[in-house]
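Novice: Numbering (my numbering), first residue to last: 9 to 744.
The beta-carbon is built from N, C-alpha and C at its ideal position, and this holds for glycine as well.
Have a look at this one.
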């Protein structure tokens, strides 16, 4: 973490990590550090400095007792270095991605035109402006432009050469595992299925009469666990929930007064600017009617294996860091990112939420939360429920933000959207509110250019609305079941299309009958689920090839709502007789799916199960696992276990065979009695593979079960396993 934040990974990984380090330093926060720290809390500087001091105290302890070091340091043959507050506020792990879409749309528009791109996409609302400015040559928009940007955001990959000799795995095993890992990841064209769920249910819809809050953020499945449960009690603080080891405070949880949860909203906080550069001076770019100088910072990089430091010039325009220079065509490309401004360290503004005593205080705390953009939900002991979208939203007066624009001064932000203009609701008439990364604003919303148009598909949100709005008086157990709901809304739409279709192959006809009689639940033990998922994959692949021109198939992704609409109302793209062409496609892909499963799971269909180890499973791979000896790999990796669901079920287990994303952390908070609240955290609370708590929650998570989240002192003390007393060398106090 520290090396990613400071751009110093090449010191231990060599020249292959230099591009990452350049990207990290190019994008790091370079503003007023004191103002930055105090943005997150009125005592932000004191809190963060105390947090860093605690980390450094442990590092100092490891110098006296090296056996206290995490195993990763021993395996890599390195030692930790002290932290600073600048590391805590690093943006390198922030959930931002719009820049990659801007470039992809720009390239696709150059290839097939803006009208075709709009037709193939699923923009909400309406038809945003997609035309490239005439000053931009679309043929020059290449993937090279974002190489530096992508480099510092990729996961760090380790090879056997990075591992100390005595722990090093063999190259053949590493190559085999390295080739497997990409095939396990979520399939690229299904990326819009990644996200989170949260909801609040008011007292009129619960059996107890008190509001319930549920949240399951979907992030990478990793070992050690991404989040951990913490209960922070101090003068002015009594908050419990999920945090991240690199950040102080609780980002999801509750205090005495209320509970809150988050999912990713949709804000476009990045823009790609294209400049003409001066043929006489490449460090000048055209802005309005004159040439402006780029700001140049020289940085020194230490590269493992090289004697001399590497010197690099980092360049900046008035808009932000220069990502790429096309010298031959006299172009420069720079990023303007709202997240490089004050107050954009991911989740850190939750420090203010941790002490909120009412909806009004919580909403005020939300105005400090800038990254990631989030759907925040709230319940409190006064029986209120609420929703507030948060994040930093640049106001674009004259463009959609979906494509690159010239940096000549004609496309400038007009400040940021105030929180009052972001979507929000308090005690809605329906007495429940749910979000699942879906379209969350009115069709006539006035500030769409400050948000974005590319929302996640609506399948999980549809299912949540069905269950929560059913009229049932919900209980805590109902919320547990809903978080693990595996009904596929796409299956419910697609499978009936097979009814009445002519099928001459009796085997395929029998499979069709099975699917039509199925309940659309992707249970791990289900044969029908195994067949359906294989069929859906084949179907989506064929539809993509049919509808999206080959030249842009790597640039544009499919939205499931679009696919369902196309298949439900076939047009000429299916052939001269659209219905017959559509039906042939349905049957052909179903036959292909069966053949695929026979080669994969064997000829006996009655033994097929979706959660077969060769099909849907969860194996959490430690970042060092592929590079170390097999015995150490077994110690570091967690799993596998059988899984159900996929990326479009409420229980989002991703669309790859291995669940590499989804909910590793869950909470259900009960405002009637906080001691009733429950949660999960996978694979465990500890980062030490030798500790029983490294993986002891994994099986509980896999079974869809929870542990109690006791809050009152009496309940907490009734389940104490261990007490550790820390005695500071000098007393210090951080108050409200």
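Between residue 611 and the rest of its own chain, which residues show a CB-CB distance below 6 Å, the 5 nearest in sequence each way excluded?
Specialist: Numbered from 1 along the chain shown, position 603 holds the residue referred to as residue 611. For residue 611, where only same-chain residues beyond five positions count, there are no Cβ hits under 6 Å.
Novice: Once DSSP output is grouped into helix, strand and coil, what is the label at residue 623?
Specialist: Residue mapping note: residue 623 aligns to position 615 of the chain shown, counting from 1. DSSP places residue 623 in coil when its eight states are reduced to three.
Novice: Assign residue 147 to one of two classes, buried (16 or more other C-beta atoms within 10 Å of its C-beta) or exposed (fewer than that).
Specialist: Taking the first residue of the chain shown as position 1, residue 147 is located at position 139. That one is exposed.
Novice: Report all residues from its chain with a CB closer than 6 Å to the CB of residue 579; omit the five preceding and five following residues, and keep chain order.
Specialist: The residue labelled residue 579 in the question sits at position 571 within the chain shown. Only 586 meet the Cβ criterion.
Novice: Name the two residues that bound the continuous beta strand (DSSP E) containing residue 298.
Specialist: Position 290 of the chain shown holds residue 298. Residues 298-301.
Novice: Using only CA atoms, which one of 737, 105, 100, 70 lies nearest to residue 88?
Specialist: For the purposes of this step, residue 88 is taken as residue 80 along the chain shown, with counting starting at 1. Of the listed residues, the one whose Cα sits closest to residue 88 is 70.
Novice: Express the C-alpha separation of residue 500 and residue 48 in angstroms, rounding to a whole number.
Specialist: Counting from one through the chain shown, the residue named residue 48 turns up at place 40. Counting from one through the chain shown, the residue named residue 500 turns up at place 492. Rounded to whole angstroms, residue 48 to residue 500 spans 45 Å at the Cα level.
Novice: How many Å lie between residue 564 and residue 125 at the Cα?
Specialist: Indexing the chain shown from 1 puts residue 564 at position 556. Indexing the chain shown from 1 puts residue 125 at position 117. Roughly 8 Å separates the two Cα atoms.
Novice: What are the boundary residues of the alpha helix (DSSP H) that includes residue 120?
Specialist: Here residue 120 refers to the residue found at position 112 when the chain shown is read from its first residue. Segment 106-120, the alpha helix (DSSP H) holding residue 120.
Novice: Would you decide whether residue 196 is buried or exposed? Buried here means 16 or more other CB atoms lie within 10 Å of its CB.
Specialist: By 1-based counting over the chain shown, the position of residue 196 is 188. With a pLDDT of 38 at residue 196, under the threshold of 50, the predicted position of this residue should be treated as unreliable, though the coordinate-derived value follows. So residue 196 ends up on the exposed side.
Novice: Hey, residue 282 and residue 340: beta-carbon distance below 9 Å or not?
Specialist: By one-based count along the chain shown, residue 282 stands at place 274. By one-based count along the chain shown, residue 340 stands at place 332. Going by C-beta atoms, residue 282 is nearer than 9 Å to residue 340.
Novice: Quick one: give me the first and last residue of the alpha helix (DSSP H) that residue 157 is part of.
Specialist: Here residue 157 refers to the residue found at position 149 when the chain shown is read from its first residue. It spans 155-159 - the alpha helix (DSSP H) in which residue 157 sits, taken as one unbroken run.
Novice: Might you give, ordered along the chain, the residues of its own chain that have their beta carbon closer than 6 Å to the beta carbon of residue 712, omitting 5 neighbours on each side?
Specialist: As a working mapping, residue 712 is identified with position 704 in the chain shown. Once the five neighbours on either side are set aside, the close Cβ partners of residue 712 are 492.
Novice: So is residue 144 buried or exposed if we call it buried at 16+ other beta carbons inside 10 Å?
Specialist: Taking the chain shown and counting its residues from 1, the one referred to as residue 144 is at position 136. It counts as buried.
Novice: To which residues of the same chain is residue 101 closer than 7 Å at the C-beta, ignoring the five residues directly before and after it?
Specialist: Working through the chain shown from its first residue, we reach residue 101 at position 93. So the list reads 354, once near-sequence residues are dropped.
Novice: For residue 290, which of 252, 253, 30, 332 has the nearest alpha-carbon?
Specialist: Here residue 290 refers to the residue found at position 282 of the chain shown. Ranking the options by Cα distance to residue 290, first place goes to 332.
Novice: Going by DSSP, what residues sit across from residue 329 in a beta bridge?
Specialist: Here residue 329 is taken as the residue at index 321 of the chain shown, counted from 1. The partner list for residue 329 (beta bridge, DSSP) reads 324.
Novice: Taking only the alpha-carbon atoms, compute the straight-line gap between residue 120 and residue 498 and give it to the nearest angstrom.
Specialist: As a position in the chain shown, residue 120 is number 112, starting the count at 1. As a position in the chain shown, residue 498 is number 490, starting the count at 1. About 29 Å.
Novice: Starting from residue 262, follow its DSSP beta bridges and name the residues at the other end.
Specialist: Taking the first residue of the chain shown as 1, we reach residue 262 at position 254. DSSP lists 248, 267 as partners of residue 262.
Novice: Could you tell me if residue 502 is buried or exposed, where buried requires 16 or more neighbouring beta carbons within 10 angstroms of its beta carbon?
Specialist: For the purposes of this step, residue 502 is taken as the residue at position 494 of the chain shown. Residue 502 should be labelled buried.
Novice: The beta strand (DSSP E) with residue 706 in it runs from where to where?
Specialist: Within the chain shown, residue 706 is the residue found at index 698, counting from 1. Note, residue 706: premise wrong, no beta strand (DSSP E); alpha helix (DSSP H) at 706-710.
Novice: Whether or not the stretch 19-30 and the stretch 307-315 are in contact is what I'm after, with contact meaning three or more pairs of Cβ atoms, one per stretch, closer than 8 Å; do they touch?
Specialist: Contact holds: three or more Cβ-Cβ distances are below 8 Å.
Novice: Count the other CB atoms, across all protein chains shown, that sit within 10 Å of the CB of residue 457; report buried if there are 16 or more and exposed otherwise.
Specialist: On the chain shown, residue 457 is found 449 positions in, with the first residue counted as 1. So residue 457 counts as buried.
Novice: Can you check whether the CB of residue 359 is closer than 9 Å to the CB of residue 137?
Specialist: For this step, residue 137 is matched to residue 129 along the chain shown. For this step, residue 359 is matched to residue 351 along the chain shown. Not in contact: residue 137 and residue 359 (Cβ atoms no closer than 9 Å).
Novice: Note the first and the last residue of the continuous alpha helix (DSSP H) segment covering residue 549.
Specialist: Mapped onto the chain shown, residue 549 falls at position 541. Run containing residue 549: 535-555, per the alpha helix (DSSP H) assignment.
Novice: Can you tell me the Cβ-Cβ gap for residue 675 and residue 269, rounded? I've got them flagged as a contact below 8 Å.
Specialist: What you label residue 675 is simply residue 667 of the chain shown in a count that begins at 1. What you label residue 269 is simply residue 261 of the chain shown in a count that begins at 1. 7 Å between Cβ atoms; contact.
Novice: Cutting at 7 Å between CB atoms, please list the residues of its own chain near residue 31, excluding the five before and the five after it.
Specialist: Residue numbering aside, residue 31 sits at position 23 when the chain shown is read from its first letter. Here the set comprises 156, 157, 159, 160.
Novice: Are there three or more Cβ pairs, one per stretch, closer than 8 Å when the stretch 566-582 is compared with the stretch 514-524?
Specialist: The answer is no - the stretch 514-524 does not touch the stretch 566-582, with fewer than three Cβ pairs under 8 Å.
Novice: Is it right to say residue 395 is buried, meaning 16 or more other beta carbons lie within 10 angstroms of its own, or is it exposed?
Specialist: Here residue 395 refers to the residue found at position 387 of the chain shown. By the 10 Å Cβ count, residue 395 comes out buried.
Novice: Let's test the definition: count the other Cβ atoms within 10 Å of the Cβ of residue 52 and tell me whether it reaches 16, buried, or not, exposed.
Specialist: Locating residue 52 in the chain shown gives position 44, where the first residue counts as 1. So residue 52 ends up on the buried side.
Novice: Going straight from the alpha carbon of residue 559 to that of residue 480, what length do you get?
Specialist: For the purposes of this step, residue 559 is taken as residue 551 along the chain shown, with counting starting at 1. For the purposes of this step, residue 480 is taken as residue 472 along the chain shown, with counting starting at 1. Taking the straight line from one Cα to the other gives about 50 Å.
Novice: Residue 632 bridges to which residues according to DSSP?
Specialist: Here residue 632 corresponds to residue number 624 of the chain shown, with the count starting at 1. DSSP, once it has assigned bridges, lists no residue as partnering residue 632.
Novice: Restricting to Cα atoms, I'd like to know which of 127, 109, 171, 142 is closest to residue 150.
Specialist: To locate residue 150, count along the chain shown from 1; it is residue 142. Comparing Cα-Cα distances from residue 150 to each of 127, 109, 171, 142, the minimum goes to 109.
Novice: Could you give the uninterrupted runs of the alpha helix (DSSP H) lying entirely in the stretch 455-524, keeping only those of 4 residues or more?
Specialist: Fully enclosed alpha helix (DSSP H) runs of 4 or longer: 467-476, 484-491, 497-502, 514-524.
Novice: Could you pull the start and end residues of the alpha helix (DSSP H) that residue 70 belongs to?
Specialist: Within the chain shown, numbered from 1, the residue matching residue 70 stands at position 62. Element bounds for residue 70: 52-72.
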